Amino acid sequence: MHNPPPFFYHIATLKHNSPILTYCSQKPLEIGTLVEIPLKTKQIQGIVLKPCEKPEFECKEALDLGFYFSPLQCQVASFIASYYCAPHSLSFSIFTPFANDSIQDFPRLNFTLQPLNAQQNQALEFINARQTSLLFGDTGSGKTEIYIHLLNQTLSLGKNALFLMPEISLTPQMEKRLCAVFGDCLAFWHSKISQKAKKQILRDLKDGKVRILAGARSALFLPLAKLDLILIDEEHDDAYKSNANPRYHARDVALYLAKIAKIKIVLGSATPLVSTYHKAKAQNALFRLKGTYFGGKKSFSFCTSSEVLDSHIFDALKENFCASKQAIVFLPTRANFKHLLCYQCGESIECPNCSISLSLHKKDSSLKCHYCHFTRTIPNECPKCGGALQSLRMGTQEFSEHLKAVLPQSNIACFDRDSITTHTQLKRTLEAFNAHKIDILVGTQMLSKGHDYHNVALSVVLGLDYLLYSSDYRAREKALSLMFQLSGRSGRKENGKVLVQTLHQDFFERFLGDYEEFLQEELTLRTASLYPPFMRLALVHFSHKNQEKAQSLMQNGLVSLQTQIHTESLQVEIVGSGIAPIMRISSKWRYLIMLRSHSAKDLHLALSPLRNLPCEIDIDPMEFA
């Protein structure tokens, strides 16, 4: 008896940046099948992309591993490879395949819920009438209760749901709150859980025990069958953007998935991105949820001193402590204030080409633009008024030490990524704070992320001016958004105070009444300055251990881009090129090229020759260092 002729397939390797290869199989394989293939001296995994004709060379055999990527996963992975200019090997490698014996049918479940108030019910009706919605709700307005009702609706139909949130927002409080309603049919997925726990979640997904998957951006790529609802909380958070290849944005990938699979998707935020707000309003997909669900009120005051250790700040903290109330103190991430600021006129030194602040680089005594790479020497005085220029560095640890000297009886804890490294530490610190064993939390942006501080009466916000002057077209947006997020942590149940240190009180005070007013003004500014959402950006990264080689790679890339733009008559601008603001990472020299265009199609066409060059392409970049 003769063996049947083999079948031939194009196969993409996983986690190996190899071209698409051809292998054979003694049995037919479905597109998306996970296989084991020999490559040189190793056995590696690959995915079947499509059948092909018998090649002229002798093929090696691919073995079925009993797992598969669903048609939907294959379509989304192909979108990531195409839109984010990434190899198929990398775009598929971020997905976890389904097991061949995965459960595909699920019972209808219904849970007992707390009733919604009138405005929350209006929001729920609005969302139910649309496939895509933006829930623009003030901090403490009760968005989570609406999410819970949406999740219950989905499970009652025998369908499943995905609840994405930034890693930093996956708090013990959120876990406890959701588990209290949905119990064992809910699983949390994030980097802090063990490999053993992750394997158990994958088994529970296969067996149909997990119906709601809550997690960080990587949860989007897990094998959750019958997905019918995607919730993306804190949609404005940069953590949804991957800074490693493939440089996808989880929110945008989820929007694509929802569109092609006709899945309901809800984006939620108290401070939505300018681009998200613009798109939602244009599509009549915006619901504004105002007010405070918890009933507390807050008052704002401003400290116009430039000193981080200003007496007014310590007096406010001392008064709050003596009243037996708790406080949180925010300092910028790693407190690396690296912009020159004039303390006489309150201005920073701007790039002449980009209207954004130049970054201070003390090592080579220069000021640099992270967009067009304009560079100048550090002036001795403010070019605008002749005042003295200063920079300041102050971290959470240093501030805590100074505060302890002023309030020796107080219990003070640091709350940042250096101090909180595990989920257990996070849980213990929050429990201690809510039990009032800690009087003051001093931290970074971790303070603003979804934590329910029961008794915080004072939020102190420092360093916003340094965010305001950062080399980023979203500087105003980031600074104001953070102030709103942090202010929402106080006065949750009783009245609270917010003390903001800034030389730009007029800017922050102007928008206290409604963040939407800022969004509308910012859209007008973005139109004039040619920034997203009215332009599309791309950043091309070149790196090499040899600086001359890295620079040569960038120059070759420039030539390819210029030729392609000219030949195809593309409406694409090369904004700038040069050495990266952070010149070396992991002993590699780094060079960048920035492009922008009104047309995503033109931008991708311009970049197409670079896909065969040793570089990384970042579409819709959010970091420019």
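Under the working numbering, the sequence shown has 561 at position 561, and the numbering climbs by one with no breaks.
The C-beta atom is built at its ideal place from N, Cα and C for all residues, glycine as well.
Keep in mind that this is a model prediction, so the values were computed, not measured.
Less than 8 Å between the C-beta atoms of residue i and residue j, yes or no?
| i | j | result |
| --- | --- | --- |
| lysine 325 | asparagine 455 | yes |
| histidine 312 | glycine 576 | no |
| leucine 645 | serine 305 | Lying before the first or after the last residue shown, residue 645 is absent from the chain, which here runs from 1 to 625. |
| valine 461 | alanine 327 | no |
| threonine 144 | arginine 177 | yes |
| isoleucine 103 | phenylalanine 163 | no |
| isoleucine 11 | leucine 21 | yes |
| serine 365 | isoleucine 378 | yes |
| alanine 270 | glutamine 485 | yes |
| proline 272 | threonine 96 | no |
| isoleucine 94 | proline 246 | yes |
| isoleucine 80 | tyrosine 248 | yes |
| histidine 541 | arginine 590 | yes |
| alanine 99 | glycine 46 | no |
| serine 627 | leucine 14 | The shown model of the chain, from 1 to 625, leaves out residue 627, and the question about it has no answer. |
| alanine 161 | tryptophan 189 | no |
| asparagine 380 | cysteine 369 | no |
| valine 210 | phenylalanine 111 | no |
| glutamate 167 | serine 191 | yes |
| alanine 538 | histidine 544 | no |
| lysine 279 | proline 533 | yes |
| glycine 496 | phenylalanine 330 | no |
Across which residues does DSSP place residue i in a beta bridge pair?
| i | result |
| --- | --- |
| histidine 639 | Since the displayed the chain opens at 1 and closes at 625, residue 639 lies outside it and no answer follows. |
| glycine 215 | Leu164 and Trp189 |
| cysteine 342 | Leu389 |
| tyrosine 83 | Its beta-bridge partners do not exist; DSSP assigns none. |
| tyrosine 240 | In the DSSP output, where bridge partners are listed per residue, tyrosine 240 has none listed. |
| cysteine 382 | DSSP, once it has assigned bridges, lists no residue as partnering cysteine 382. |
| leucine 616 | Going by the sequence as given, residue 616 is glutamate instead of leucine. DSSP output for glutamate 616 lists His541 as bridge partner(s). |
| isoleucine 593 | Val540 and Ser577 |
| aspartate 64 | Val35 |
| phenylalanine 302 | Val500 |
| valine 329 | Val442 and Val460 |
| lysine 27 | None; lysine 27 has no bridge partner. |
| leucine 360 | Leu367 |
| leucine 317 | Per DSSP, none; premise fails for leucine 317. |
| threonine 377 | Ser366 |
| glutamine 43 | Pro38 |
So, under 8 Å CB-CB, residue i and residue j are touching, yes? Tell me the CB distance rounded to an integer number of Å.
| i | j | result |
| --- | --- | --- |
| proline 172 | leucine 447 | Contact doesn't hold; Cβ gap of about 15 Å is too wide. |
| alanine 413 | leucine 367 | Actually they do not touch by this definition, with Cβ atoms about 36 Å apart. |
| leucine 267 | glutamate 307 | Actually they are not in contact, since the Cβ atoms of leucine 267 and glutamate 307 sit about 39 Å apart, beyond 8 Å. |
| leucine 220 | alanine 250 | 5 Å |
| tyrosine 469 | leucine 341 | 7 Å |
| glutamate 623 | serine 597 | Contact doesn't hold; Cβ gap of about 20 Å is too wide. |
| arginine 108 | serine 156 | 6 Å |
| glutamate 56 | serine 25 | Contact doesn't hold; Cβ gap of about 18 Å is too wide. |
| alanine 38 | phenylalanine 8 | The sequence as given places proline at residue 38; alanine does not occur at that position. 15 Å between Cβ atoms; not a contact. |
| glutamine 632 | alanine 388 | With the chain represented from 1 up to 625, any question about residue 632 goes unanswered, as that position is not in the structure. |
| valine 274 | arginine 526 | 7 Å |
| aspartate 64 | methionine 165 | That belief does not hold up - the Cβ atoms of aspartate 64 and methionine 165 are roughly 36 Å apart, past 8 Å. |
Using a Cβ-Cβ cut-off of 6 Å (strictly less than) and excluding sequence neighbours within five positions of residue i, which residues of its own chain qualify?
| i | result |
| --- | --- |
| arginine 334 | Bear in mind that the predicted position of arginine 334 carries a pLDDT of just 41, short of 50, making it unreliable; the figure below should be weighed with that in mind. Result list for arginine 334: empty, nothing under 6 Å. |
| glutamine 564 | Ala606 and Pro609 |
| phenylalanine 126 | Phe287 |
| methionine 1 | Confidence is the limiting factor: at methionine 1 the pLDDT is only 46, short of 50, which leaves the residue's position unreliable, though a coordinate-based value still follows. If we look at methionine 1 and ignore the five residues flanking it on each side, it has no Cβ neighbours. |
| tyrosine 147 | Leu231 |
| glycine 295 | Any reading at glycine 295 must be qualified, since the residue scores a pLDDT of 48, below 50, and its modelled position is unreliable; no value is offered. |
Quick one: residues in its chain with C-beta nearer than 7 Å to the C-beta of residue i, no 5 flanking neighbours on either side, listed in chain order?
| i | result |
| --- | --- |
| leucine 467 | Pro332, Ala475, Lys478, Ala479 and Leu482 |
| glycine 137 | Lys143, Gly268, Ala270 and Leu289 |
| arginine 627 | Limits of the chain in this structure are 1 at one end and 625 at the other, which puts residue 627 out of reach. |
| proline 614 | Leu553 |
| cysteine 59 | Phe8, Thr22, Tyr23 and Cys24 |
| proline 383 | Ile349 |
| lysine 318 | Val406 and Leu407 |
Verify the CB distance criterion: does residue i have a CB-CB separation below 8 Å to chain D?
| i | result |
| --- | --- |
| aspartate 184 | No chain D is part of this structure, which consists of one protein chain only. |
For residue i, which residues in the same chain have their Cβ closer than 8 Å to its Cβ, ignoring the five residues on either side in sequence?
| i | result |
| --- | --- |
| lysine 437 | Asn411 |
| alanine 580 | His541, Arg590, Tyr591, Leu592 and Ala625 |
| glutamate 629 | Residue 629 falls outside the range modelled here, since the chain spans only 1 to 625, and no answer is possible. |
Would the beta-carbon of residue i be found less than 7 Å away from any heavy atom of the ligand COA?
| i | result |
| --- | --- |
| methionine 622 | What this structure holds is no ligand at all, so the ligand COA is not there to describe. |
Item to check | Continuous alpha helix (DSSP H) assignments of at least 4 residues falling wholly in the segment 250–289 | outcome: As far as the segment 250–289 is concerned, its whole alpha helix (DSSP H) runs of at least 4 residues are 250–261 and 274–282.
Checklist entry - Taking the runs of the alpha helix (DSSP H) that are 4 residues or longer, which of them lie wholly in the segment 527–584? => result Counting only runs of at least 4 residues, the segment 527–584 fully encloses the following alpha helix (DSSP H) elements, listed from N- to C-terminal order: 547–567.
Item to check | Start-end ranges of the beta strand (DSSP E) lying completely within the segment 113–146, minimum 3 residues | outcome: Whole beta strand (DSSP E) segments, 3+ residues: 132–137.
Next on the checklist: What ranges does the alpha helix (DSSP H) occupy inside the segment 422–463, keeping only unbroken runs of at least 4 residues that lie completely in it?
Outcome noted: Listed in chain order, the alpha helix (DSSP H) runs fully inside the segment 422–463 are 423–434, counting runs of at least 4 residues.
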